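First the structure, in the form of structure tokens, and then the observations on it.
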Amino acid sequence: MNDDSTSRLVAGIRAWIRDAPAGAQLPSTRQLVAEYAASPVTVQKALRRLAAEGLLETRPGVGTFVRTVRPSRGPDFGWQSAALRTPRSVIPRIAGPLQTAPPGAQALHAGYPGPDLLPERLVRAALGRAARGAAATSRPPSAGLQELRAWFAAELATSTRQDLAPVTANDVVIAPGSQSALSSIFRALVAPGQALLVESPTYWGAIQAAHQAGVEPVPVPVASDGTGPDPEELDRSFRETGARAFYAQPNYANPTGAQWSLARAEEILDVVRAHGAFVVDDDWAHDFGIDTDPRPLAALDDGGHVVYLRSLTKSMSPSIRVAAVIARGPARDRILADRAAESMYVSGLLQQAALDVVSDPGWRTHLRRLREQLRDRRGLLVDSLRAHAPELQLDLVPPGGLHLWCRLPDGTDVDRLVRDCANEGVWISSGDEWFPAEPSGPHLRLTFIGPDPAGYPDAVRTIARMLAAQGS
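Sequential numbering of the sequence shown, starting at 0, is according to numbering that gives the first Met the number 0.
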């Protein structure tokens, strides 16, 4: 019996425990096998899991019983508040997009594609090969495997203008996912307490990474039509704050889905150069183009102004925490030094598996198929919004990425809407988390990579119904 069957058995026994008095004896293994049509091995696995949760206790030679809850006084950790003092920055414990929806819920809030959108066969085979090879027991270089660094450099070089010097493997630093990389980049480029310019709205994880690095994220508003930040507004922000770095997502920005035009990218880069500053080009959705292809800002620069970040985690597997930072000059050296101090190196096994996947001809086949899957799912969610929730304003159908960014009617209680929808089995994300300062208005970010796309219309109807209930 597989893990799903074990989980169903656990759920059934847990329901029995809920109705049983404390200290009640559980039916014997033979009785459970007969009642649930399960194998003895599965029953034992389920009982061990419930015992680990503290719901059951086994008395050798007697039987298994519902654990008696003993009232106890919890330990007093008040002394820690005095020892820790005031926190350096306020960081949410778990962001909304990382919350796990219960089984059967329509998850329109998450940021990671489900298994049906991932190259599972390639990943499993690559992990198996890596586990049997030298990568399983050897320590990789701090900067990362040479072959993987060369692959990332070659990927960017294919987009680089012919008149510019392409990056090389020596410019690449491998990191354990983009979130860790962002923290290192911000620490390397911005001194504690100094300003970091960021698009507003922008990726919530970048806002958290900035706070964690002790730098101050300063919002630069972006246009709702997808054209990106105004170069004049960016110039003014640089002058007023004295900032030396700007964090941006020029391709399929999270959450808006916007992609800068080539002309806008050149204008932004000119402003950055004029201020002797850096721009962090977070190419998080490089593999998620739908109507267009990504245009890395780093492909327009060879002066070291652009620090480029690309991750394989979302397009390959949540378990393959592998990303690359591409930078030149002292900036690259400082980022590498920070990464080495933080984690010394990235798992060689994961690096080797990632390299095997991207080197397989099936990787390109997967990306072509993924583009069509995303186009279909995006279309279904857009059509559902227009048909069943026209009060949600959708200014841009994104040319790539994984999300739709919707403006709610003024006065909407977004937190209440999120809670009410969750109670109805529809999980959505409040747009407030994507603003580094006060939100410009009530928004939702809805993902079209959730399970059961056929359920999108019903999910949108639920959102519309819960929204209407606020006005009743």
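Ideal Cβ placement from N, Cα and C applies to all residues, glycine included. Everything numeric in this text was worked out from a predicted model, so none of it was measured.
| Asked | Found |
| --- | --- |
| CA nearest to the CA of D301, picked from I448, T57, G110, L163 | L163 |
| Boundaries (first-last residue) of the beta strand (DSSP E) holding L403 | 402-406 |
| Run of the alpha helix (DSSP H) containing L163, from where it starts to where it stops | L163 -> no alpha helix (DSSP H), and no H or E assigned at all. |
| At least three beta-carbon pairs within less than 8 Å, the region 313-332 to the region 164-178 | yes |
| Proximal residues to M0 (C-beta, below 7 Å), its chain only, five neighbours per side dropped | Note that M0 has pLDDT 45, beneath the 50 cutoff, so the model's placement of it is unreliable and the number below is only indicative. Correct list, in chain order: A37, S38, T41. |
| Segment limits, beta strand (DSSP E) that includes D472 | Residue 472 lies beyond the residue range present for the chain, which begins at 0 and ends at 471; the question has no answer from this structure. |
| DSSP beta-bridge partners of R444 | W404, S428 |
| CA nearest to the CA of V270, picked from P254, H285, Y251, F245 | F245 |
| Helix, strand or coil at S342 [DSSP, three-state] | helix |
| Collapsed DSSP secondary structure at I173 in the structure displayed | strand |
| Distance between P59 and Q211 (C-alpha atoms, nearest Å) | 49 Å |
| Cα-Cα separation, L49 to Q30 | 17 Å |
| Straight-line gap, A297 to E341 (C-alpha atoms, nearest Å) | 25 Å |
| V306 classed as buried or exposed, judged by whether at least 16 other C-beta atoms fall within 10 angstroms | buried |
| Beta-carbon proximity check, G378 vs L121, cutoff 9 Å | no |
| Under the three-state DSSP convention, the category T201 falls into | coil |
| Cβ-Cβ separation, I173 to V321 (assumed contact under 8 Å), whole Å | 7 Å |
| Run of the alpha helix (DSSP H) containing G361, from where it starts to where it stops | 360-387 |
| Length at least 4, wholly inside the region 186-232: the alpha helix (DSSP H) runs in chain order | 203-211 |
| Contact check, V413 vs I462, beta carbons under 9 Å | no |
| Coil, strand or helix - I325 by DSSP | strand |
| Beta-carbon separation (whole angstroms), Q105 vs D451, contact threshold 8 Å | 7 Å |
| Neighbourhood of G192 by C-beta, 8 Å cutoff - its chain only, sequence neighbours within 5 removed | G213, V214, E215 |
| Residue span of the beta strand (DSSP E) that contains F245, given as start and end | 244-247 |
| C-beta neighbour in chain E for E432, strict 9 Å | Note that chain E does not occur in the displayed structure, where there is just one protein chain. |
| Distance between V9 and R17 (C-alpha atoms, nearest Å) | 12 Å |
| Paired residues, beta bridge with Y307 - DSSP | D280, I325 |
| Run of the beta strand (DSSP E) containing R508, from where it starts to where it stops | The structure shown does not extend to residue 508, since the chain is modelled only from 0 through 471, so no value can be given for it. |
| Closest Cα partner of V345 within the set V357, V324, H365, R363 | V324 |
| Per-residue DSSP class, three states only, for V65 | strand |
| Any non-hydrogen atom of the ligand SAH closer than 8 Å to R272 Cβ | This structure does not include the ligand SAH; it has no bound ligands of any sort. |
| Q105 (DSSP reduced to helix, strand or coil) | strand |
| Q258 in three-state terms, based on DSSP | coil |
| Beta-carbon proximity check, H285 vs N250, cutoff 9 Å | yes |
| Same chain, Cβ closer than 7 Å to D359, neighbours up to 5 away in sequence not counted | L121 |
| Residues near D75 in its chain [Cβ-Cβ closer than 6 Å; skip 5 each side] | none |
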